[in-house]
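Student: The structure's right below; bear with me while I get my questions together.
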Amino acid sequence: MRDPLPSRRRSSWEPCSRWTARAFGAGIWAIEGPTKGQEFFAGYLLEQSLSVDNLFVFVLVFSYFKTPVSGQQKVLQYGIGTAAVLRAILIVTGVELVERCEPVLILFAAILITSSWKLLTQCEVCCTLCCVL
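Each residue of the sequence shown is one higher than the one before, starting from 4 at the first, in our numbering.
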């Protein structure tokens with residue numbers, strides 16, 4: 004499969020997209036005020052952090068399932084599409100649940116704490132992470 008955007012061209016667009024985001028944030032700051040501008044930049048930084056976090060997840064998943072390099076592009080495309088649909092469903096469902104019954108937040112917190120504990124205490128994940136990094 005041919006890469007639609009060669010790496011040299013892709014890397015030249017990265018600074019452009021960052022400057023565009025900064026200019027957009029500055030416009031929000033100037034038009035809507037500092038509060039809205041700070042909210043935009045906080046969201047932008049959060050998204051950048053999450054995208055770096057996703058890279059580690061991709062590396063772990065590809066190494067765990069031993070995905071060949073030739074199939075990684077297709078797996079990523081299906082994964083991103085599925086993640087977008089599932090994320091939308093879960094966000095809508097979660098908002099509805101929280102609006103109707105706030106104590107459900109305790110249940111969500113318990114799920115996050117339990118899954119975090121399991122990830123931290125399983126040797127397989129630690130060993131895989133150490134081998135990948």
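Beta carbons: idealized from backbone N, C-alpha and C, even for Gly.
1. Can you tell me whether G28 is buried or exposed? The criterion is at least 16 other CB atoms within 10 Å of its CB, across all chains shown.
2. V98 and L108 - do their beta-carbons sit closer together than 9 Å?
3. Are F65 and Q75 close, meaning C-beta to C-beta below 9 Å?
4. Starting from K77, trace the alpha helix (DSSP H) both ways and give me its first and last residue.
5. Please classify G40: does DSSP put it in a helix, a strand, or coil?
6. Taking the C-alpha atoms as reference points, what is the distance between L136 and A33?
7. Output needed for F111: all residues of its chain with C-beta closer than 8 Å, excluding positions within five of it in sequence on either side, in chain order.
8. Near T70, what residues of its chain come up, given a Cβ to Cβ distance below 7 Å and the 5 sequence neighbours on each side ignored?
9. Helix, strand or coil: which one does DSSP assign to Q51?
Tutor: Reading it off the structure:
1. Buried is the call here.
2. It is not a contact, given that the beta carbons lie outside the stated cut-off.
3. The Cβ atoms of F65 and Q75 sit closer than 9 Å to each other.
4. Unbroken alpha helix (DSSP H) run through K77: 72 to 103.
5. Helix.
6. Note on L136: pLDDT 48, under 50, position unreliable in the model; no value is reported.
7. These residues qualify, in order along the chain: G97.
8. V78, listed in sequence order.
9. Q51: helix per DSSP, three-state reduction.
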